[in-house]
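Q: Using UniProt numbering, the first residue of the sequence shown is number 1, and each one after it goes up by one.
We treat Cβ as the ideally placed atom computed from N, Cα and C, and that holds for glycine.
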Amino acid sequence: MAMLFVIAYGMIALSQTRQRASGWFMLSYALCCVAAICQLLMQLGGWPHWIILIGYGAFLGTVTTMWTGVEVLAGRKAPKRQAAIAWGLGMALRFALLAGTPHSLPYELVFQLPFAIMSARTMVAVRSIRRQGAIPSLLAGIFGLSCFHFIAKPFLVVLLTAGVRNAVQVYVAVSSVSTGVLLVAAGLFLLLLVIQKALDDTIVDAETDALTLLANRRALSRIAPRLLTEANDAGRVLYAMVIDLDHFKRINDVLGHAVGDQVLVAFADILRGQAAPEILAVRMGGEEFALFIPDVEKGPAAGDNPAARLGWAIRQALKSFPERGLPGLTFSGGIVRYRPGETLEALLGRADELAYGAKNGGRDQLRLDRDDMPTQRCFTLAA
Numbered sequence: 001m002a003m004l005f006v007i008a009y010g011m012i013a014l015s016q017t018r019q020r021a022s023g024w025f026m027l028s029y030a031l032c033c034v035a036a037i038c039q040l041l042m043q044l045g046g047w048p049h050w051i052i053l054i055g056y057g058a059f060l061g062t063v064t065t066m067w068t069g070v071e072v073l074a075g076r077k078a079p080k081r082q083a084a085i086a087w088g089l090g091m092a093l094r095f096a097l098l099a100g101t102p103h104s105l106p107y108e109l110v111f112q113l114p115f116a117i118m119s120a121r122t123m124v125a126v127r128s129i130r131r132q133g134a135i136p137s138l139l140a141g142i143f144g145l146s147c148f149h150f151i152a153k154p155f156l157v158v159l160l161t162a163g164v165r166n167a168v169q170v171y172v173a174v175s176s177v178s179t180g181v182l183l184v185a186a187g188l189f190l191l192l193l194v195i196q197k198a199l200d201d202t203i204v205d206a207e208t209d210a211l212t213l214l215a216n217r218r219a220l221s222r223i224a225p226r227l228l229t230e231a232n233d234a235g236r237v238l239y240a241m242v243i244d245l246d247h248f249k250r251i252n253d254v255l256g257h258a259v260g261d262q263v264l265v266a267f268a269d270i271l272r273g274q275a276a277p278e279i280l281a282v283r284m285g286g287e288e289f290a291l292f293i294p295d296v297e298k299g300p301a302a303g304d305n306p307a308a309r310l311g312w313a314i315r316q317a318l319k320s321f322p323e324r325g326l327p328g329l330t331f332s333g334g335i336v337r338y339r340p341g342e343t344l345e346a347l348l349g350r351a352d353e354l355a356y357g358a359k360n361g362g363r364d365q366l367r368l369d370r371d372d373m374p375t376q377r378c379f380t381l382a383a
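This is the structure we're talking about:
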């Protein structure tokens with residue numbers, strides 16, 4: 001079974017290079033295979049005792065690399081140094097036990113201590129994985145049970161050796177089966193998490209504009225309807241702003257497409273810097289962008305038009321372009337407020353019409369729908 005996990009995680013690691021946790025899990029179950037082989041050789045007899053140390057080190061490597069993989073899966077850097085130290089300390093304890101008395105309670109407690117500690121650390125790491133659903137909770141439970149399992153094993157071996165014939169053989173059988181079941185359960189749930197993350201990354205790639213790293217039209221078609229539904233059901237205010245960069249074709253024709261791409265990337269950076277986390281920024285194509293701005297403000301700013309303020313902030317940020325070696329840039333745009341029951345196409349159509357009017361009306365201006373803002377029909381961003 002461990003070899004099947006090695007193959008499964010290995011295929012994911014090769015096909016999805018960003019799934020770095022898969023490589024650690026592949027290594028973990030490869031070491032598990034080594035530990036199982038060493039265990040089998042010892043049961044057959046006739047092998048030198050250093051096989052025991054290799055098996056112990058391999059299994060300690062199994063739980064240590066599994067913890068490392070979970071840390072990576074949680075979005076943190078692989079704790080390689082900590083893992084190496086943990087493995088080294090565990091092996092030092094094992095060497096110290098060479099002079100001990102097997103099947104005594106102190107011996108067995110020290111023997112199982114590194115495995116219990118690493119299981120507990122893995123449980124804590126699993127709880128930090130930001131993912132909805134029952135899988136992380138179940139996985140944390142498995143590692144918690146594993147921790148208890150390793151703590152309980154010393155007491156089990158002492159109990160068995162006190163009154164059971166062939167106690168060592170019985171203990172080895174029970175220990176191997178229970179440990180194997182926990183490792184299989186952990187491997188399956190970890191595999192599900194890795195596959196889910198790979199699918200999430202694939203969706204993100206498909207819904208991200210390759211140049212600007214903003215959301216693209218595919219993301220718009222998935223996310224925007226939800227924003228409209230939430231605004232409609234909760235009665236929340238939602239604005240849509242369409243932006244068209246002024247004279248962008250001239251930049252491409254005169255300065256070249258490479259400079260044009262730099263301008264698009266820099267403009268996208270400004271959008272990310274100025275837009276709040278709840279704002280959806282989309283590159284519609286070419287030099288056209290769209291933003292969906294929910295009005296979530298309270299206090300003195302409530303009732304103002306956050307989309308208009310955002311447009312002004314973007315305009316101010318564009319003044320830094322010449323200082324950065326980029327051509328000066330302005331934009332024309334239109335802002336509309338979502339009307340209950342309105343479709344996405346209708347909402348964007350109204351905003352696009354205003355942006356088109358702003359461009360034909362002299363550019364470098366942002367127009368607002370008269371019905372949305374009766375006192376503000378148009379204002380110029382150049383002033």
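Between the alpha carbons of residue 75 and residue 160, how many angstroms are there, rounded?
A: Distance between the alpha carbons of residue 75 and residue 160: 43 Å.
Q: Should residue 149 go down as buried or exposed, given a rule of 16 or more other Cβ atoms within 10 Å for buried?
A: Residue 149 comes out buried.
Q: Note down the Cα distance separating residue 90 from residue 29, rounded to an integer number of angstroms.
A: The alpha-carbon atoms of residue 90 and residue 29 are separated by roughly 19 Å.
Q: Beta-carbon separation of residue 251 and residue 192 under 7 Å?
A: For residue 251 and residue 192, no; Cβs fall outside 7 Å.
Q: For residue 225 and residue 308, what's the separation of their Cα atoms in angstroms?
A: Going from the Cα of residue 225 to the Cα of residue 308 covers about 22 Å.
Q: Less than 7 Å separating the beta-carbons of residue 459 and residue 212?
A: Outside the shown range of the chain (1 to 383) lies residue 459, about which nothing can therefore be said.
Q: If you draw a straight line from the alpha carbon of residue 102 to that of residue 32, how long is it in whole angstroms?
A: The straight-line gap from Cα to Cα measures roughly 23 Å.
Q: Does DSSP classify residue 62 as helix, strand or coil?
A: Correct three-state label for residue 62: helix.
Q: What whole-angstrom Cβ distance do residue 140 and residue 127 have, given they're in contact under 8 Å?
A: Residue 140 to residue 127, Cβ: 5 Å. Contact.
Q: Which partner residues does residue 289 have in the DSSP bridge list?
A: Residue 289 pairs with 243 and 283.
Q: Spatial neighbours of residue 295 within its chain, please: CB distance less than 6 Å, with the 5 preceding and 5 following residues excluded, ordered by chain position.
A: Within the same chain, residue 295 has close Cβ partners 237 and 306.
Q: Assuming residue 270 and residue 318 form a contact by the criterion Cβ under 8 Å, report the distance between their Cβ atoms to the nearest whole angstrom.
A: Confirmed, about 7 Å.
Q: What are the boundary residues of the alpha helix (DSSP H) that residue 321 is part of?
A: No alpha helix (DSSP H) contains residue 321, which DSSP labels as neither H nor E.
Q: Using three-state DSSP, classify residue 235 as helix, strand or coil.
A: Residue state, collapsed to three classes: coil.
Q: Could you give the distance in angstroms between the alpha-carbon of residue 56 and the alpha-carbon of residue 87?
A: So the alpha carbons of these two residues sit roughly 10 Å apart.
Q: Classify residue 119 as helix, strand or coil using the three-state DSSP reduction.
A: Of the three classes helix, strand and coil, the one that applies to residue 119 here is helix, per DSSP.
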